[in-house]
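Everything on this sheet refers to the single structure shown next.
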Amino acid sequence: MTADASARPIRVLLAKPGLDGHDRGAKVLARGLRDEGFEVIYTGLRQTPEMVADAAEQEDVDVVGLSILSGAHMTLLPRIVELVRAKGLDDVLVAAGGIIPDADVAKLKAAGVAEVFGPGTTIGQVATYFREHARRRA
Amino acid sequence: MPDLAERLRNAQGGDRRALARLLTDLENETVDMAGRRALFAAGRDAHLVGITGPPGSGKSTLVNALIASWRGQGRRVAVLAVDPSSPLTGGAIMGDRIRMMDHVGDDGVFVRSMASRGALGGLAATTWLTAAALDAAGYDPVVIETVGAGQSEVEIASLAETTVVVEVPEMGDEVQAIKAGLLEIADLIVVNKGDRPGADRAARQLKAMLSTAGGRVARPAPPVLMTTATSGEGVEGLRDAIDAHRAQRDPERARARAAGLIRRALANRAQARAVESSAWDDAVTAVAEHREDPFSAADRLLGFDQ
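Just so you know, the protein sequences line up as chains A and B, in that order. So in my numbering, the last one in the first sequence is 226, and the numbering has no gaps at all. So in my numbering, the last one in the second sequence is 426, and the numbering has no gaps at all.
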C-alpha cells in the first residue's frame, strides 16, 4: 500500500538546548502534540546544538522544536539552524518557544528560525502552525 | 517515488541523511517491491538483537550501555527504538533517545525512534524492513528495543536472532516467572537495576523457576544475568552473552525466523495486491452488504480458484 503523504504523522523533534532545567513547557507541548496526532521525539534536557542537529538528521524529522528559557537563545538557536542546514536538512522547519524578548525575535527569524512562540501560545496554535509549514515531500 | 537504490548506495557509503530518508520511506511504505527486494539482497547478516521488557525496566539505559560496550570493540551499532502510538490520535511520544544521547555525534552509532503505528506485538509493522535497511547499511549489531512490553508482546522473538528480556527486582513472585508469554521467548534474561534491594533474590527465583524440568518444550533454560545499566555493572557480561548466543546459530531458530520473514512478506504482498485491485471497492461493498463473506472476497481479490 502506498501511504498518502498527507496522512502520515508529522515527525517533530523537541529539544531543550542549553543549560536551563525547566522542561515542564516542553513536556506539556510534547503531550499536546501527541494528542494532536504528531509523532514527537523528545530528547530531554541540556542538549548541545550538535546533539540537536545530529538527532534531527537520524530521526529525519519534519520539524525541530526548541524550548529555551535561559536567555542563551541568541547564541544557541542560530547555531542550531546553521548545523541543521549544514547537514543538508534544508526543508526542516526550525521553530522555538520560551521566554524570548520581542527585540530578539526578528533577529532569530533572520537567522532562520521560522517562528518563535511566546508565553500564552496554545498547543492548538503550535499544531496548526506545524501542519501548515512542515515540509511535505514525496 | 524516491530512488531506493541510490539512497541505499549512499547510505552504504556512510551518508547518514540518505539512510534516515530511506528509513522514512520504509516506514511510510512508499518503497516499491523491487526496492524491498534490493534491500534484502543487500543484507549483510547483521546480528539482530531484541531488547524487550516492561515499561521503565531500563531497556533504553541498558541499550545505551551496550552501545558503549560494542563501540569499544569497534563495532558499528544501530538501534531501532519503538514506542507506542496513541490508539486515539495516532500521535506518539518517543523518549528512548533521552537515555542514548551519550552516543550522539558518534558516526558509528545510528539511533532511530519508531512509533508503533497501530501494531500490537511490541513493534511497528515496518520494523522488519527498517532493520533490514540498517543491516544493509553496514551496522552490526542492529538492536531493536520494543515498546514497553507486558506479558504477550512477543513479536520480537520471530524477528530477532537473540531476544533479551529485561526485568526489574520488583517483577513479582515465582508465579510470574512461570506464566506463559514474555519470559518464554527470552534467550537471555536480565535483572536490571541490580543495585536495588531484592535483585539477587529475583534473579535466584527466576533461575529456579525457569530451570524446573518437565514440559514438552525442549529448550534449555535461558541464562539469567544481573546488570545495573546506570553504572555499567554487568553490561560487559551481557554483551558477551549476547554475542555467545549468536555463535550457537541454532538452525531451527534460523528456519523459524525465515518463516517469519516470508509470512510478513506474504501479508504485505497479498494486501497490496488486493487493495490495489480494481475489484477492491466492489468487494468492500459486497461484504458490507452481507452479500459476500470476507474469505470469498479475499480469494477473489487474490485470484484464487474458488
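Cβ atoms here follow ideal geometry from the backbone N, Cα and C, with glycine treated the same way.
Residues of the stretch 133-155 of chain B that bring their beta carbon within less than 7 Å of a beta carbon in chain A comprise 136, 137, 140, 141, 143, 144, 148, 149, 150, in sequence order.
Sixteen is the threshold: since fewer than 16 other Cβ atoms of the shown chains lie within 10 Å of the Cβ of residue 424/B, the residue is exposed. Contact of residue 230/B with chain A is assigned, a C-beta pair being separated by under 8 Å. Around the beta carbon of residue 382/B, fewer than 16 other beta carbons sit within 10 angstroms, so the residue counts as exposed.
With a threshold of 16 other beta carbon atoms within 10 Å, residue 351/B falls short and is exposed. Contact between the stretch 129-140 of chain A and the stretch 224-234 of chain B is present: three or more C-beta pairs spanning the two stretches fall below 8 Å. Counting only runs of at least 3 residues, the stretch 164-219 of chain B fully encloses the following beta strand (DSSP E) elements, listed from N- to C-terminal order: 168-172, 197-203, 212-214. Secondary structure note for residue 416/B: its alpha helix (DSSP H) is the uninterrupted segment 414-422. The beta carbon of residue 259/B sits closer than 8 Å to the beta carbons of 166, 196, 197, 198, 230 from its chain, once the five residues preceding and following it are set aside; these are given in chain order.
For residue 105/A, no Cβ of chain B is located within less than 8 Å of the residue's own Cβ. The beta carbons of residue 209/B and residue 234/B sit no closer together than 8 Å.
For the set 189/B, 203/B, 158/B, 148/B, the Cα lying nearest the Cα of residue 175/B is the one of 203/B. Residue 149/A sits close to residue 99/A, with the two beta carbons spaced by under 8 Å. With distances taken between CA atoms, residue 344/B lies nearest to 309/B out of 309/B, 400/B, 302/B, 358/B.
In the DSSP assignment, residue 345/B falls within the unbroken beta strand (DSSP E) covering 344-346. Taking residue 282/B as the centre and dropping the five residues before and after it, the same chain places the C-beta of 167, 168, 169, 170, 307, 308, 362, 365, 366 closer than 8 Å to its C-beta, in chain order. Close to residue 139/A, with beta-carbon spacing below 9 Å, are these residues of chain B in chain order: 221, 224, 225.
Under the DSSP definition of a beta bridge, residue 308/B partners with 284/B. Under the DSSP assignment, residue 130/A falls in the beta strand (DSSP E) whose first and last residues are 127-130. Around residue 279/B, the same chain offers 248 as residues with beta carbons nearer than 6 Å, after the five sequence neighbours per side are excluded. For residue 211/A, there is no enclosing beta strand (DSSP E); the residue is part of the alpha helix (DSSP H) that begins and ends at 211-221. With 16 or more other Cβ atoms inside 10 Å of its own Cβ, residue 263/B counts as buried.
In this structure, the CA atom of residue 132/A is about 10 Å from the CA atom of residue 155/A. For the stretch 145-197 of chain A, the full-length beta strand (DSSP E) segments reaching 3 residues or more read 151-156, 181-186 along the chain. One alpha carbon belongs to residue 401/B, the other to residue 212/B, and they sit about 31 Å apart. Counting other Cβ atoms within 10 Å of its Cβ, residue 204/A reaches 16 or more and is therefore classed as buried. By the Cβ-count criterion, residue 124/A is buried, with 16 or more other Cβ atoms from all chains shown falling within 10 Å of its own Cβ.
Taking 8 Å as the CB threshold, residue 398/B stays off the interface with chain A.
The beta carbon of residue 126/A falls within 8 Å of a beta carbon belonging to chain B, placing the residue at that interface. Using a Cβ-Cβ cut-off of 8 Å, residue 235/B is close to 97, 127 of chain A, given in chain order. Among the residues of the stretch 184-215 of chain B, those with a Cβ less than 7 Å away from any Cβ of chain A are 206, 209, 210, 211, 212, 213, 214, 215, in the order of the chain.
With at least 16 other beta carbons inside 10 angstroms of its own, residue 265/B counts as buried. The beta carbon of residue 264/B does not come within 8 Å of any beta carbon belonging to chain A, so the residue lies off that interface. Distance between residue 151/A and residue 130/B, taken at the CA atoms: about 24 Å. When C-alpha distances from residue 386/B are compared across 150/B, 156/B, 330/B, the shortest belongs to 156/B. Per the coordinates, the alpha-carbon of residue 358/B lies some 11 Å from the alpha-carbon of residue 183/B.
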